[in-house]
Amino acid sequence: MRGALDFKVKDCPVCAVMKNKRPKKPTAVLIEEKRQWKPWEKVFSDSSGKFRVMSLQGNRYYSVFVCARSGRKLYFAHKKKSHYPMVYLKFLARIGRFPKLLVSDQAGEILSKAMGSRLAAQGTHIDPVPKDEHSKIGSAERAIDEIDRMVAASLLDTNIPKCYWDIVGEHCTLLNAVTQSCPTDHGITIYEAETGLIPDLDALPPLGCFGVRYLSKLDRKDFKLSPKNQAGVFLGFATLRNGTYASDRHCSGEGTNGFHP
């Protein structure tokens, strides 16, 4: 009796169309390869939005930049998707250097002629990822997923209004840096790999706690009945109006920077 024929998907054109699957995703990048880059020489970038809830600052999108060596994430909220070039300038000002390689998807705001000319002048090579190979920017997409989950949980836990999602999101990136291990050295945190300092977790107050803004005499409107300082709710550490703190006086929609928890 003749044995059964062993047909494979590649042998049948119908099976190739109906049953064939995508090739396996590439394996994780080796630690030795990540260590070849200096901090912020290789950067992964991606954007998220449009958010249904507009933030108090008028933002509906945010972009994240991830360092390939340290795993540090930087978070920038913006109003329109086309504002990515301005966000990139803020990113450069934050890190104080020009990356050598920028890995991103094929978004139009990144691959525009103006953006390409600017990157070329700065000595930065852009590596756009094909549509079906998003695993190559998995660091940025995973960062967005982590930040979204942290923001949603923080807003629910502290009962902070959703219009402050951009402030809470930037604060969550800081929490991620001081609690997650560095991808190239699992014995230290991301914050320690970037700054060389051990993070002081006690210096991070919980979201939603009581905060006070110290007022100067020039900012006080009443010297008799009003308190000397303004009380509010701590919303997180964020770059809001050139300040490093963010808080709301009564959580009624009026945002103010300069609060100290």
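In the numbering used here, the protein residues as written are 1 to 261.
Backbone N, C-alpha and C define an ideal beta-carbon position, used for all residues, glycine too.
When the options are compared against residue i, the one with the closest alpha-carbon
i      : options                       : result
Gln122 : Leu102, Lys136, Asp219        : Leu102
Phe91  : Lys80, Ala107, Glu109, Phe65  : Phe65
Ser226 : Ala238, Leu215, Pro39         : Leu215
Leu89  : Lys79, Tyr61, Leu119          : Leu119
Leu175 : His78, Ser117, Pro130, Asp202 : Asp202
Glu170 : Phe98, Thr239, Arg213, Pro130 : Thr239
Lys136 : Lys42, Asp222, Gly116         : Lys42
Arg94  : Thr184, Trp40, Lys50          : Trp40
Phe237 : Gly211, Asp127, Ile144        : Gly211
Glu194 : Cys67, Lys228, Gln57, Leu56   : Cys67
Trp37  : Arg213, Thr184, Tyr191        : Thr184
Distance, residue j Cα to residue i Cα
i      : j      : result
Val168 : Ile31  : 31 Å
Asp219 : Val87  : 32 Å
Ser112 : Gly96  : 23 Å
Lys224 : Lys217 : 12 Å
Met18  : Trp165 : 44 Å
Thr189 : Ser63  : 23 Å
Leu156 : Cys172 : 14 Å
Arg142 : Asp222 : 50 Å
Phe98  : Tyr61  : 23 Å
Ala177 : Leu197 : 12 Å
Leu56  : Met150 : 19 Å
Cys12  : Pro128 : 34 Å
Asn229 : Ile160 : 22 Å
Gly49  : Ala152 : 15 Å
Ser117 : Gln180 : 36 Å
Within 8 Å, strictly: CB atoms of residue i and residue j
i      : j      : result
Asn72  : Lys34  : It should be pointed out that residue 72 corresponds to Arg in this sequence rather than to Asn. Cβ distance not < 8 Å, so Arg72 and Lys34 don't count as in contact.
Ser47  : Ala114 : no
Ile263 : Tyr75  : Because the chain is modelled from 1 through 261, residue 263 falls outside the range shown and cannot be assessed.
Ser139 : Leu207 : no
Phe234 : Pro205 : yes
Lys100 : His78  : no
Supposed contact pair residue j and residue i - C-beta distance, whole angstroms, cut 8 Å
i      : j      : result
Cys163 : Val53  : 6 Å
Lys131 : Glu109 : Not a contact, Cβ separation roughly 16 Å.
Local Cβ density within 10 Å of residue i, reported as buried at 16 or more and exposed below that
i      : result
Ser45  : buried
Gly187 : exposed
Ala231 : exposed
Glu254 : Because Glu254 carries a pLDDT of 36, less than 50, the predicted location of this residue cannot be relied on, and the following value inherits that uncertainty. So Glu254 ends up on the exposed side.
Cys182 : buried
Val14  : exposed
Ser104 : buried
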